[in-house]
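One structure below.
2 protein chains.
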Amino acid sequence: MSEAPPGQAVRSHVVRREAAGGWQGVPALPYAHEASRDDAPAVGGGLSASHAGPGGPPLAVTRWLLAGGPASACAFELRYFELGPGARTSHERHRHQHAVVVLRGRGEVLLGEQVHGLGPGDLVRIAPGEPHQFRNPAEEPFGFLCVVDADRDRPVRLDDDDAPSCGIEPG
Amino acid sequence: MSEAPPGQAVRSHVVRREAAGGWQGVPALPYAHEASRDDAPAVGGGLSASHAGPGGPPLAVTRWLLAGGPASACAFELRYFELGPGARTSHERHRHQHAVVVLRGRGEVLLGEQVHGLGPGDLVRIAPGEPHQFRNPAEEPFGFLCVVDADRDRPVRLDDDDAPSCGIEPG
Chain A
1 MSEAPPGQAV
11 RSHVVRREAA
21 GGWQGVPALP
31 YAHEASRDDA
41 PAVGGGLSAS
51 HAGPGGPPLA
61 VTRWLLAGGP
71 ASACAFELRY
81 FELGPGARTS
91 HERHRHQHAV
101 VVLRGRGEVL
111 LGEQVHGLGP
121 GDLVRIAPGE
131 PHQFRNPAEE
141 PFGFLCVVDA
151 DRDRPVRLDD
161 DDAPSCGIEP
171 G
Chain H
1 MSEAPPGQAV
11 RSHVVRREAA
21 GGWQGVPALP
31 YAHEASRDDA
41 PAVGGGLSAS
51 HAGPGGPPLA
61 VTRWLLAGGP
71 ASACAFELRY
81 FELGPGARTS
91 HERHRHQHAV
101 VVLRGRGEVL
111 LGEQVHGLGP
121 GDLVRIAPGE
131 PHQFRNPAEE
141 PFGFLCVVDA
151 DRDRPVRLDD
161 DDAPSCGIEP
171 G
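Protein chains in written order, with our numbering: chain A, 1 to 171; chain H, 1 to 171.
As structure tokens, then:
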């Protein structure tokens with residue numbers, strides 16, 4: 001029952017959810033694009049929670065790879081994204097599908113031209129080619145699981161404003 | 001933004017989590033094996049929640065297909081299982097991996113010969129070939145998301161007692 005590399009199930013094990021956010025021993029990962037808020041610090045690897053450090057400001061978007069990934073034989077990847085207050089993911093589209101389940105907080109998803117409010121347990125199925133963006137207009141963190149095929153196309157960014165944003169896909 | 005068949009993202013859409021459990025318009029599915037408690041009613045398709053009917057007893061294990069499935073091009077399936085008080089899934093093993101995230105309640109997972117307590121947000125990575133079983137010793141429902149490859153082997157059941165149980169895989 002030892003720890004395995006991120007995403008890999010060489011041996012079965014339980015990974016505890018941490019009270020502060022994140023999972024025990026699972027690093028927060030850097031993003032594809034620039035930080036999603038002007039006042040957010042640069043994002044590096046190896047963070048264990050959604051804060052840059054003790055007392056530091058919350059990062060705008062934090063990403064964890066929970067299962068699958070380059071070292072895995074799985075055909076899927078299970079990721080978790082957490083958006084701080086005011087944060088948003090890239091406005092983007094791609095051919096691969098997303099299956100999203102909200103784990104924490106309240107937020108919004110832009111699907112095509114429609115905005116939908118989201119709360120805990122809500123499911124979002126994002127079809128191939130659909131422009132989408134996740135946003136957190138609330139004061140609390142907004143977190144969701146997102147499942148994708150391991151073998152997938154790269155997103156096309158659609159940002160039509162100057163707001164910096166973080167990609168939901170790795171860079 | 002219309003409804004699509006279970007698991008299929010023909011058009012993007014949001015599926016609301018219901019207060020009573022389950023997701024709006026997503027049917028609870030029948031199980032592979034016999035009911036997982038002696039007093040549980042037979043399980044049929046088309047149930048919209050984890051109860052057989054208004055005022056009926058809770059079903060021992062209920063399963064929802066949230067994304068992927070036969071009609072989908074996705075390489076994964078995202079399922080949700082909810083165990084009533086005292087319920088358990090089959091004791092089984094298979095070559096494909098499970099990635100599990102607890103969504104609701106408290107329960108246990110047997111991994112090999114070790115039992116691990118589980119609570120909301122905890123992640124379980126089940127490696128190929130690992131004997132496993134999920135159990136709910138508590139008085140409240142215990143629910144978890146489970147991601148698997150769409151193309152996967154069938155489980156081998158390992159039940160070593162007479163306790164009836166439900167398979168985590170479709171029959």
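In this text, a Cβ means the ideal position worked out from N, Cα and C, and glycines have one as well. All values reported here derive from a predicted model rather than from experimental measurement.
Short CB-CB distance (under 8 Å) between residue i and chain H
{"i": "V115 (chain A)", "result": "no"}
{"i": "P155 (chain A)", "result": "no"}
{"i": "R17 (chain A)", "result": "yes"}
{"i": "A49 (chain A)", "result": "Legend: pLDDT at A49 (chain A) = 31, less than 50; position of this residue unreliable, value from coordinates given subsequently. Closer than 8 Å: no."}
{"i": "A71 (chain A)", "result": "no"}
{"i": "L66 (chain A)", "result": "yes"}
{"i": "L83 (chain A)", "result": "no"}
{"i": "L29 (chain A)", "result": "no"}
{"i": "L78 (chain A)", "result": "yes"}
{"i": "D159 (chain A)", "result": "no"}
Residues that residue i contacts on chain H, provided the C-beta gap is smaller than 9 Å
{"i": "G107 (chain A)", "result": "Within chain H, no residue comes near G107 (chain A); the closest Cβ sits about 12 Å away, beyond 9 Å."}
Any C-beta of chain A under 8 Å from that of residue i
{"i": "P137 (chain H)", "result": "no"}
{"i": "D122 (chain H)", "result": "yes"}
{"i": "S90 (chain H)", "result": "no"}
{"i": "L145 (chain H)", "result": "yes"}
{"i": "L110 (chain H)", "result": "no"}
Under 7 Å from the C-beta of residue i: neighbouring residues of chain H
{"i": "C74 (chain A)", "result": "Q97, D149"}
Contact with chain B by residue i, beta-carbon distance below 8 Å
{"i": "H132 (chain H)", "result": "Within the model displayed, chain B is absent; protein chains A and H are what it includes."}
Beta-bridge pairing of residue i - partner residues as DSSP gives them
{"i": "G117 (chain H)", "result": "H:E108"}
{"i": "E82 (chain H)", "result": "H:T62, H:G143"}
{"i": "R157 (chain A)", "result": "A:E92"}
{"i": "R125 (chain H)", "result": "A:H13, H:A99"}
Where residue i sits in the DSSP three-state scheme
{"i": "C146 (chain H)", "result": "strand"}
{"i": "H91 (chain A)", "result": "coil"}
{"i": "R135 (chain H)", "result": "strand"}
{"i": "A73 (chain A)", "result": "coil"}
{"i": "V10 (chain H)", "result": "coil"}
{"i": "L103 (chain H)", "result": "strand"}
{"i": "R152 (chain H)", "result": "coil"}
Residue i versus residue j: straight-line alpha-carbon distance, rounded
{"i": "H116 (chain A)", "j": "P27 (chain H)", "result": "22 Å"}
{"i": "A87 (chain H)", "j": "A60 (chain H)", "result": "5 Å"}
{"i": "V102 (chain H)", "j": "G68 (chain A)", "result": "18 Å"}
{"i": "S89 (chain H)", "j": "L110 (chain A)", "result": "Checking the displayed sequence, the identity of residue 89 (chain H) turns out to be Thr instead of Ser. Distance between the alpha carbons of T89 (chain H) and L110 (chain A) is about 37 Å."}
{"i": "H13 (chain H)", "j": "G84 (chain A)", "result": "24 Å"}
{"i": "C74 (chain A)", "j": "P141 (chain H)", "result": "29 Å"}
{"i": "A150 (chain A)", "j": "R93 (chain A)", "result": "17 Å"}
{"i": "E3 (chain H)", "j": "E130 (chain A)", "result": "Summary for E3 (chain H): the model assigns pLDDT 48, below 50, so the residue's position carries little reliability; its value from the coordinates is reported in the next sentence. Whole-angstrom Cα-Cα distance: 15 Å."}
{"i": "R17 (chain H)", "j": "L118 (chain A)", "result": "10 Å"}
{"i": "E82 (chain A)", "j": "L158 (chain H)", "result": "38 Å"}
{"i": "G143 (chain A)", "j": "R95 (chain H)", "result": "31 Å"}
{"i": "D153 (chain A)", "j": "Q97 (chain A)", "result": "10 Å"}
{"i": "R125 (chain H)", "j": "E113 (chain A)", "result": "37 Å"}
{"i": "G21 (chain H)", "j": "E108 (chain A)", "result": "22 Å"}
Partner residues on chain A for residue i, Cβ-Cβ distance less than 7 Å
{"i": "H13 (chain H)", "result": "R125"}
Residues that residue i contacts on chain H, provided the C-beta gap is smaller than 8 Å
{"i": "V61 (chain A)", "result": "Here the premise fails: no neighbours, minimum Cβ distance about 18 Å."}
{"i": "L103 (chain A)", "result": "V101, L103, G121"}
Chain-ordered neighbours of residue i on chain A, where CB pairs are closer than 8 Å
{"i": "L118 (chain H)", "result": "V14"}
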